[in-house]
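These notes concern the structure reproduced below.
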């Protein structure tokens, strides 16, 4: 086997496909830069790592099941002075995920909670964490269906695996009592093992009504708030603002929502 074919075969066997596919151009680049052998090897490894990271991120983004692509740069932080620069950097770093902590985003509909949740989830993937996004009604429906079919353990395991589980729109629809107990099992399973990000239009003091059982709600909050960051996003709906700008709606005062700044 010619040396060139032998090298290609070895790179393929080692799964160094970025080096294999761009070998000639990489070697030319190293020659033009008059790189030493060590520097050339570093260049080859950098390109291989970059491709593997790119493919990992692409796959993880698909598995996360985000409803759309959003980033932190596209969020209007000027309209939310309660979120300071330090918090922004902290959210982008994914440190709360590494620490297995909970992040709760509270606020009225339309203020960007889901946008922020998706953006933070994408940053977590870039940082190397696995993420799963699921609307609260979908999560509850899947747990209830699995419970009825005798597959609850399988579903709990599914939602326990990602390092970050994003539960969106908790509180828009009330839970059935049995569903609240199922959600409690999931929260208990992830407690101090995996991080959760929860968005809700309800202050935590109203969660007894959301879950239909104040005792279960207290048990859930006890675990979620133990190691947590709570951010209250205030203001008016972005969607309604656009309608008002176009003259379709009259301006109204935003409904307040209460919540702690950090737990």
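Residue numbers (UniProt numbering): 1 to 263. We treat Cβ as the ideally placed atom computed from N, Cα and C, and that holds for glycine.
Quiz prompt | Uninterrupted beta strand (DSSP E) stretches inside the UniProt domain "AAA+ ATPase" (99 to 232) (no shorter than 3 residues) | solution = Segments of the beta strand (DSSP E) lying fully in the UniProt domain "AAA+ ATPase" (99 to 232): 102 to 106, 131 to 135, 164 to 170, 195 to 200 and 228 to 232.
Quiz prompt | Assigned exposure category for residue 228 - 16 Cβ within 10 Å defines buried | solution = Residue 228 sits buried, since 16 or more C-beta atoms from the chains shown fall within 10 Å of its C-beta.
Quiz item: Given that a residue counts as buried once 16 or more other Cβ atoms are within 10 Å of its Cβ, and exposed if not, what is residue 226?
Solution: Residue 226 should be labelled exposed.
Practice problem: Would you identify the three-state DSSP class for residue 69, choosing helix, strand or coil? | Solution: Residue 69 falls in the coil class under three-state DSSP.
Quiz prompt | Own chain residues within Cβ distance below 7 Å of residue 119, not counting five before or after | solution = Once the five neighbours on either side are set aside, the close Cβ partners of residue 119 are 70, 71, 72 and 75.
Quiz item: Is residue 171 near residue 126, with beta carbons less than 8 Å apart?
Solution: In this structure, residue 126 does not lie closer than 8 Å to residue 171 by Cβ.
Quiz prompt | Collapsed DSSP secondary structure at residue 19 in the structure displayed | solution = Helix at residue 19.
Quiz item: Near residue 305, what residues of its chain come up, given a Cβ to Cβ distance below 8 Å and the 5 sequence neighbours on each side ignored?
Solution: What the structure shows of the chain is the stretch from 1 to 263, and residue 305 is not part of that stretch, so it cannot be assessed.
Exercise. Check residue 56 in the structure and name its three-state DSSP category.
Key: Here residue 56 sits in helix by DSSP.
Exercise. Look at residue 209 and residue 162 and say whether their C-beta atoms are less than 8 Å apart.
Key: Against a cut-off of 8 Å, the Cβ pair of residue 162 and residue 209 comes out as no contact.
Self-check item: Simplified DSSP state of residue 8, which is helix, strand or coil
Solution: Helix.
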